Structures are given as C-alpha cells and as structure tokens.
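**Student:** After the structure tokens below, expect a handful of questions from me.
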Amino acid sequence: MGFPGFFTPMFAWLFLLLGPLVLFYYLKLKRPRMTIPSLVLWRQVMRDNRVNSPFQRFKRNILLLLQILLLTLLVLAAMQPFWRGGEQTAERLPILIDRSASMAAIGAPDGPTRLDLAKEQAGRIIDNMSSNQQVSLITFGRSARQLTGFTSNKRVLSEALRGIKIEDVPSALDDALRMVEAMARSKPFDRVLLLSDGNVPGQVDFALPYKLDYRRVPPAGANMGVTDLGARRAFGGESGGEGGWSVFVQVQATDDQPMTGTLQLIQDGRLVAQEPIAPRRAQSQRLMFTVNAAAQTRIEVRIVPRVFDALESDNRAFMVLTPPRPLDVYIPPTLAAYRHAMQGFTGVRMYPAAGVDTAPGDYDVLISDNAKIDEVRARTNLYVGVVPGDLRDMLDVAQAGDEFIDWRRSSRLLDHIELSDVVLLDEVRWQDGAGEEALENQGYEVLAYGRNGPLILRKREGETLSYHLLFHTDRSTLPYRIGFPILVANLTRIAMQEAGLLEVIGDRTGVMRPVALAVDTTYRITGPDGYAREERTDEQGRLLGVPAPRVGIYRLKGGDGDHIEIGVSLLQGSETLMTTAQEIHFRELSVAVTASPMRVNRSLWPTLATMALAVLLVEWWFYQKRPGGRNV
Amino acid sequence: MAVEAERSRVTSLFSNDVLARVERLRMNTSRRFTNRSSGEHLAGRAGSSNEFADYRNYVVGDDLRYVDWNVFARLRRPYVKLYHHEEQMHLVLLVDASSSMLFEGKLQRAKQLVAALSVMGLFNNERVSIHAFNQANSATSHSRPCRGRGSMRELFRFLEEIEGGGDELVEQGVRAMLKHHRGRGAVVVVSDFLTPGDLRRTMNMLYSRGLEVFGIQVLGPTEIDPEVSGDLRFVDSETNETLDVSGAGDLVGLYQQYRLGMERELEQLCRQRMGRYLMVDAQSPLETLLFDRMRRTGWVVG
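Sequence order for the protein chains is A and B.
When the letters of the first sequence are read in order and numbered with our numbering, they come out as residues 241 to 872.
When the letters of the second sequence are read in order and numbered with our numbering, they come out as residues 26 to 327.
See the structure below:
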C-alpha cells in the first residue's frame, strides 16, 4: 500500500468552504450578554492557569474544531480516496473465471466452493473499481462465454458475477484465451486476470499476446470420485451368460490416506450390489460387477463416502446397456471372400441370406464394391475398389501394379495386419495438384499409402464410419493373406463397438451423445438444476448437439408421450484428482501462479463517511450535554 | 386589616414583630474599648463595675481599697485588683449602596440588617451612625451619630431613603466614612465585597482608628450558585466592562473555589481585627438571619 490516491480529486475545491465555516462560526458566536453584579470573581476565574491551559483553550473552541473536522472528513470522502492495491492500475481488465467441475469442490463441510472464492476475489476488484476502469467477465469450462463486455457498471458486473454457475465439465483454457485475444483487437488492454483452482491444462497451444495474471484460489479438501465407467459384453463362458455385461468402475482419490466409502451399483433404480472402497492418491481402485441386461438397462454407480469428500458431482456415473443381438452385416454376393471370412464369426447375421426375405432397414456393417447402394444403410461401411465421388478429381486408379509402402499400424482396422508383401494390380495415383491435405479437408484420413497415392481411407460422418479400400481386394493377394480375415475381424469388432454391442462407456458431460428418436419431432429436455430446453430431431430422427453441462439424468420427452432418460457423468480423472498446474506453458513462454495475495484498491470513503457521522454525533452530544463542575 | 397593619409599622424595612425582638438583642463585640463617654460595654480598668478583671503589681499611688489582702497574706507582695469599666461604644454601620447591590434584593437586605443592628445599638445606649456609599467621587451620605431609642425613627428614615446605584468601591466608601467619624468602637461593613483590590488596607484603616471590624457579605442566589452555561458575555453592572467566557458551565466549580476563598479571606481579615464575618443570602428570611444565624454565630446576644 502506498500513498492513497483519489478517484475524484476535483472535489478538493470544497476545502475552500473552511473559510466561510470559520468566519460564520465567529460571526455566529454572538454571545448572550448577561449583566452580573460584578466581574471580580469571574476575572479571577479566567486568570486561573487551569482555565488557560491548552486543553481548556481546546475545549472552548471544540465546536469549531469538530465542525472543521466534519467538513474535512466529508470533503475527503467526496474525493473518494483509496489505498492503492497495485492490482488495478489497468484501465481495462478482462477477468477469466474457471467454472469447470473442480470449482464446485469445497474445503470443509458446508464451506464455500472454489467458485465462491473466485467470485469473492472478482467481487473485491469490482467493488473497488475506479470510475475510469472497466472490467469484462468471461467464464470458461469446456468453452468460453463472455458474460459482460468492458463496463464500469458495478451493478451489471456484480449481477453477472452472481449468475455464474458450475458446469460439470473439464476446463479448456485456450477457448477463453482466444476469446480475450479477439476482444483486444477492438479494445486493447495489456493484462488479463485468470481465477481458477489451478485445474487447467498445463500446456496450451496459444501464443500469449498479453500479460496473464494467473491466480489460484485456496485448494479444496480431499476428494474421491468415479473416473472411469465402462462395460464389456460377457460372452458364453464368461460370467453372466447371454445378455451378461461386465461393468468396470475406477475410483480415484486425492488424499494420501485411504478415503473410505461404499460403491453402490444401481440397475434401473434398484440397488443390486455394493462394495467397500478405500482409494488413495497413489492407488486407485478398480471394481468389477456382473450385470444381466436382457433389455435395455440403465446402470448407475454411486459413491457413498464415509469421510469428507470435497466434490459431489464425481460421485455418480451413468451408463446404458443394450440387450445383446447379432451384428447385422450386408455383404453382396459378389464379395464372396468377405462373406466367407464373415461366416466364421459368432454373433453375426449376414445379409442377403438364403431363405431370409426380410431384412433390417439399417445394418450394422455394409461391405460393398458399389458406390451407389442407397437401399442399404449401415453405421459402419467398407467400400472396396471404389473411389468416393468427392475424391474422383483427386485420385485416379490405373491398372498398374502397386504395393503398400506404409500404413497406420495404430488404426483399429489395420491392427495386427502385415501388408508389406501384398501385391496389388490396381495403382492409385494422385492427380495433378492433389495431395493429402486436400483429402483431409474433405474429412478423410489416410490409413495406408501406396507408391503414388493413398490406398486405404477412413472417414467419420456423424454416427457413420466409412473405410475405403481404393483398390479392389479381388485384384490383389490380400484375400490370400492371413491379414485378410484379421481385417474382417477388425471391421466386425469396430462395427460392434459402433453399435454398442461390445463395449459401452459412460456418457460424459458436455454434449449429449446423438440420440435416435422420431423424425422431425420436437422434444422437451429436462435435466439437473432446472435444466430445460426444446430440441428438434433432424430428418433422420437424430437429436444432435444437445448440451449436458451437469451430472445427472436428462429426460427427453416427445409430444406423443414417449420419453427416454440419459445419464451423463463427469468421468474426468483430471477433475477428480484436482491436479493443479503451477505453471501454464504457452507456445513461447510460461506463466506461473502468482503467489502474492491479490491487492485491490481499497476505497476509504465509507470509512470517512462513518467517521464524519461519528463526529456529527459527538458534536450533537457536546452541544446537548448539561454544564458541569458545580461545587455546592 | 393588612393595610392598617402596614400603616402602623414603624419602618418599612421589617415588621413590628421583628423590631420588638431586635430590641431585646445586643451586638456582641469581642474586645473592650475605651471611650470617654460611658456606655454599656465592659472596659479593662479599675472601673465602676463589680466584675473582676485581673491583678497587677501595686505601684505607689494606687488606691489601697483595691489591694487583695488575701493574696498579700499568701505571697507577701501587694497586688491590685482590676475591675471592668463600663464604657459606651460607637457603632458605625457602613452600607454599600453601589450598583452591584441592586441585584436580587441585596440592598434591601443590607438595609434591614443595618436597621436591626442600629436598633440593637440604640437600645443598648450606644452611639450609632450610618454611612452609605454608592456613587464614586460624590459625597457619602451619612446620618448624624445618634443615641437612645428616640433616634430610631431618624435612622430608619435615613435607611429608607438610601438609593442604590453607582460604582464606588468599598475602600473609597471607608475613606469617606472615616473623614466624618470620631471615636472608637465597632464598624459593621455591609456589602457584597465584590470589589477589586486588596481589602486588607481598607480593614487596617478601620482598625487603626480603633474600630473593631465586622463584615456582613450579602450575596444573591445567583452569586452564591451561578446557573450559567455555554458561551456568555458577562457585563459588570457598575463599570459596564465585559468579560467573554466560553463554557461557563464548566467554570462554575472554579468560580465556587474563588468565592469560598474570598469568604475565608474576609473572615480572616475581620477576625484578625477583633471582628466577625458573616455571609448571608439576600433571599433567605430575615428572621432566620437575625434570630438564628446571628445568634448561633455569636454576633448577637440576648
């Protein structure tokens, strides 16, 4: 704290009122005349040293002194003095406030959340703003949101601050930093304040063009939560039999000592299993439950802690398990090699099949060598020997030899496949001016390369996953290789995963997964904390991009009364473990946490106004009190 | 009836009842005075009274009738008995009639007290004279020395005609009085004594003229216990001088200290000059003053 400053120093001219005050005091001091028999005794009194002591002189003029003091305090209050905090010299200050899941953690039972503490710090800045300062409030979770533009209106800022709510999502800082950078183009500033619990990415791919003041709120207490929830289909000999699922739960904790509690497994609202848990920081705990799901079933896992648990939102996780069914695969008879390879797999129903007249409207897998096959729709597709229509002007297939030069071994389709000795009779070549970047711009990913062009492509369009073998396998040695059935098996596995028949993981907060509902229908969606909105399905009956910011059950209800429930969970190890970043590394520099306490300007005018009121009361009391000092 | 009673009063200063009671009182002086005339006070010489006073050594020429032969038989030396000599006292009554005495009935009370003391003196066959001072640099009015009951009305009339107002100091009044006074005796100064300067010199002037000095200080209730507060401008009633006082209420305690100090000083001055001192409240009943306080304090007997 240095020398106090003044927000409105122009009011110093009011000190000129001291002159008239003193003048009127003495003019007004028309003493009442009192004729007495003699002044002899009173003269002796007035000559007494005790009357003429400095204290008595002070007492005689005490009313004038009190009025001078009162005027001084009022003028100083009007000048709005403040102790300089050193933090608010900036004319414009954007404040980034973390609203991610970990900000809901508390430090002690019934204590404030980290967000409350961050709001308190931001509130102090807002309350002590000078009239020439402007603040902008931006919150970030998965994405950034600007609550207010630059304004000096404390009421607007305070209201916006109060309205900030937690989102049960992990924090993504870069979106907020980019938003702030865009703001700087129109209203420049040189400093940004970041208020967070520190649970932000340690690495951000961003070139920081301004000074970032990174402030951490005090850490929360110990926490444990569910960080992973998944299920794997249990087949045949595995426990659970037909329709059985193995549910896997991972629980982690932040404390070095075991945090005890109970993990409950609830199936369709009924408690079906529970296990004691005691995770600690160095050792997470994994549990497995067996669940039968003859029909679609909702699974909820819930932690009931026996010790203090800082964050509640990570104590619940949800998952929907679908009943078992065979994988519907369409392979035209012309692709005999594929039909042959597929026949070896259990749980697969292949179409067209002899003696089967009906077919599902949608298949799980389509393998085709025909680009146009409109009557068959599948979630997972493998096109053989077909160049996609949107790539025809980039790629050319010639009847010349080719070979696999390189492929993505990490690709699920090519897992455990050796392609180096496969001979191809078709050669895929780039056309002039085309390259991989153009393919990527179209949404394609190259999985394998030939001598002069790509050989295998992958593309995801919403729920649809497509693989393109640009060469025809019948004009290659691939079907004769051990890799070919592995390829088909990989494709089958991928399709089962896409259809949710093999593995399921819990839905996470953020954006709800696409839901297949009635076509072109409006659904009312309600969720935790009064969440309510209406969304309309598209022409394919899908509900896409529905935000799900809080952990809990979301109910989707259509006009005809049908409704489904979807549970979303946090399932973020970083949020549960509340890992804090001491330093955030940007492209060119690193920003460390500011350890020193935030010093804000502290307005002094309320103190001065209170003192002025006290002086006024003293003056009133002094004027009203009875004379004393009589000796009888 | 009341009008008739009023008409029958001897003096307007007090009622006939008070007068009747005063007539039976006598002022009590503490020492013996010598005077050529005979009065009803005891003198310290072989006098005509029967009251033994003292012994002294026999010297040639003393009357042998006064030798105590019993003492001679015991001590083998002659001693002469002394008896009190009854002498007449001159009682001088000095009234302060300056402007300061015009507050709260002080002058009226002073006149009443002087009237009562003059009656006591007259009825005890003493010579009484009354002097009044008020206006500076003007002649002090005074009565001729009177004796006997017949002079009562004359003195009453003199007192009743005294008008207050003026700025004469006590010392000036005393000086003026001593110009006209002859003889020794007692002087009673009735004033508020709120006068600048040292009264010691004034008292010494009186005492050196053979006058036993008695002082009666008459003060008003607001002088005894002022009820003042705030910032005031006091105006002296005699000199019109002003004095600004701030926080007067806070200074009352100090004022009381000085007033009581003045009383003590006056008492000491009078006592050292064989007299007495009395402070009276001008508003307190006259009967209480004359027949209670003055008796209890030894001012009067009877």
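Using N, Cα and C, we set each Cβ at its ideal position, and we do this for glycine too.
The model shown is predicted, which means the values in this text are computed figures rather than measured ones.
(1) Are any of the Cβ atoms in chain B nearer than 8 Å to that of TYR279 (chain A)?
(2) Examine chain B for any beta-carbon lying closer than 8 Å to the beta-carbon of VAL285 (chain A), and answer yes or no.
(3) Kindly indicate which three-state DSSP category TRP324 (chain B) falls into: helix, strand or coil?
(4) Please report the straight-line C-alpha distance between SER651 (chain A) and LEU687 (chain A), rounded to a whole angstrom.
(5) Looking at HIS712 (chain A): is its Cβ nearer than 8 Å to the Cβ of GLY781 (chain A)?
(6) What separation, rounded to the nearest whole angstrom, lies between the Cα atoms of GLY327 (chain B) and ARG49 (chain B)?
(7) Counting only the same chain and skipping the five closest in sequence on each side, list residues whose C-beta sits under 8 Å from that of TYR863 (chain A).
(8) Just to confirm, is the Cβ distance from LEU180 (chain B) to CYS171 (chain B) under 8 Å?
(9) Interface residues of chain A around GLU266 (chain B) at Cβ under 8 Å?
(10) Quick check: what's the CA-CA separation for ARG382 (chain A) versus ARG748 (chain A)?
(11) Where does the unbroken beta strand (DSSP E) through SER486 (chain A) begin, and where does it stop?
(12) Beta carbons nearer than 8 Å to chain A: which residues of the region 206-234 of chain B have them?
(13) Please list, in chain order, the residues of the region 176-192 of chain B that have any C-beta partner in chain A closer than 9 Å.
(14) Determine the DSSP secondary structure at LEU257 (chain B), reduced to helix, strand or coil.
(15) Could you work out which residue in B:LEU44, B:GLN281 and B:LEU119 is closest to ARG14 (chain B) when comparing CA atoms only?
(16) For a contact meaning CB atoms closer than 9 Å, what does PRO272 (chain A) contact in chain B?
(17) Going by beta carbon distance, what residues of the same chain come within less than 7 Å of ARG51 (chain B), once the five residues before and after it are set aside?
(18) Strictly below 7 Å CB to CB, what residues from chain B border ARG395 (chain A)?
(19) Between LEU279 (chain B) and chain A, is any beta-carbon pair separated by less than 8 Å?
(20) Which two residues bound the contiguous beta strand (DSSP E) that contains TRP323 (chain A)?
(21) Does the distance from the CB of GLU129 (chain B) to the CB of GLY240 (chain B) come in under 8 Å?
(22) What three-state label does DSSP hand LYS270 (chain A) in the structure shown?
(23) Measuring CB to CB, does VAL487 (chain A) end up less than 8 Å from VAL544 (chain A)?
(24) Candidates A:TRP647, A:ASP468, A:ARG395 and A:ASP338: which alpha carbon is nearest LEU413 (chain A)'s?
(25) Could you pull out every residue in the same chain whose Cβ sits closer than 7 Å to the Cβ of GLY750 (chain A), ignoring the five residues on either side in sequence?
(26) Taking only beta-carbon positions, decide if TRP860 (chain A) is within less than 8 Å of chain B.
(27) If I follow the unbroken beta strand (DSSP E) through ASN893 (chain A), where does it start and stop?
(28) What separation, rounded to the nearest whole angstrom, lies between the Cα atoms of VAL872 (chain A) and MET304 (chain B)?
(29) Suppose contacts are defined by Cβ-Cβ distances below 8 Å. Is VAL541 (chain A) in contact with LEU469 (chain A) by that definition?
(30) Flag this pair as yes or no: are the beta carbons of THR802 (chain A) and GLU779 (chain A) separated by less than 8 Å?
(31) How long is the line joining the alpha carbons of LEU231 (chain B) and ARG34 (chain B), rounded to whole angstroms?
(32) Helix, strand or coil for ILE734 (chain A) per DSSP?
(33) With distances taken from CA atoms, which of B:TYR104, B:LYS106 and B:LYS131 is nearest LEU38 (chain B)?
(34) Measure from the alpha carbon of LEU233 (chain A) to the alpha carbon of each residue in A:TRP253, A:GLY461 and A:PHE429, then state which is nearest.
(35) Mind checking if PHE246 (chain A) is an interface residue toward chain B, Cβ cutoff 8 Å exclusive?
(36) Could you tell me which whole beta strand (DSSP E) segments of length 3 or greater appear in the region 399-453 of chain A?
**Tutor:** Let me lay it out:
(1) Looking at the sequence provided, one finds Leu at residue 279 (chain A) rather than Tyr. Chain B, which has a Cβ nearer than 8 Å to the Cβ of LEU279 (chain A), makes this yes.
(2) yes
(3) coil
(4) 7 Å
(5) no
(6) 6 Å
(7) LEU303
(8) yes
(9) LEU279
(10) 12 Å
(11) 484-493
(12) ASP217, LEU219, THR220 and PRO221
(13) none
(14) strand
(15) Here chain B has residues from 26 to 327 only, and residue 14 (chain B) is not among them.
(16) GLY255, ASP256, LEU257 and ARG258
(17) MET145, ASN149, VAL325, VAL326 and GLY327
(18) Those do not exist, as ARG395 (chain A) stays about 48 Å from chain B at its closest Cβ, beyond 7 Å.
(19) yes
(20) 321-323
(21) no
(22) coil
(23) no
(24) A:ASP338
(25) ARG382, VAL409 and ALA788
(26) no
(27) Summary: the structure shown does not reach residue 893 (chain A), with chain A confined to residues 241 through 872, and so no result is reported for it.
(28) Because VAL872 (chain A) sits at a pLDDT of 32, beneath the cut-off of 50, its placement in the model cannot be relied upon, and the following sentence gives the value as read from the coordinates. Taking the straight line joining both Cα atoms gives about 15 Å.
(29) yes
(30) Looking at the sequence provided, one finds Asp at residue 802 (chain A) rather than Thr. Against a cut-off of 8 Å, the Cβ pair of GLU779 (chain A) and ASP802 (chain A) comes out as no contact.
(31) 35 Å
(32) helix
(33) B:LYS131
(34) Here chain A has residues from 241 to 872 only, and residue 233 (chain A) is not among them.
(35) no
(36) 431-436
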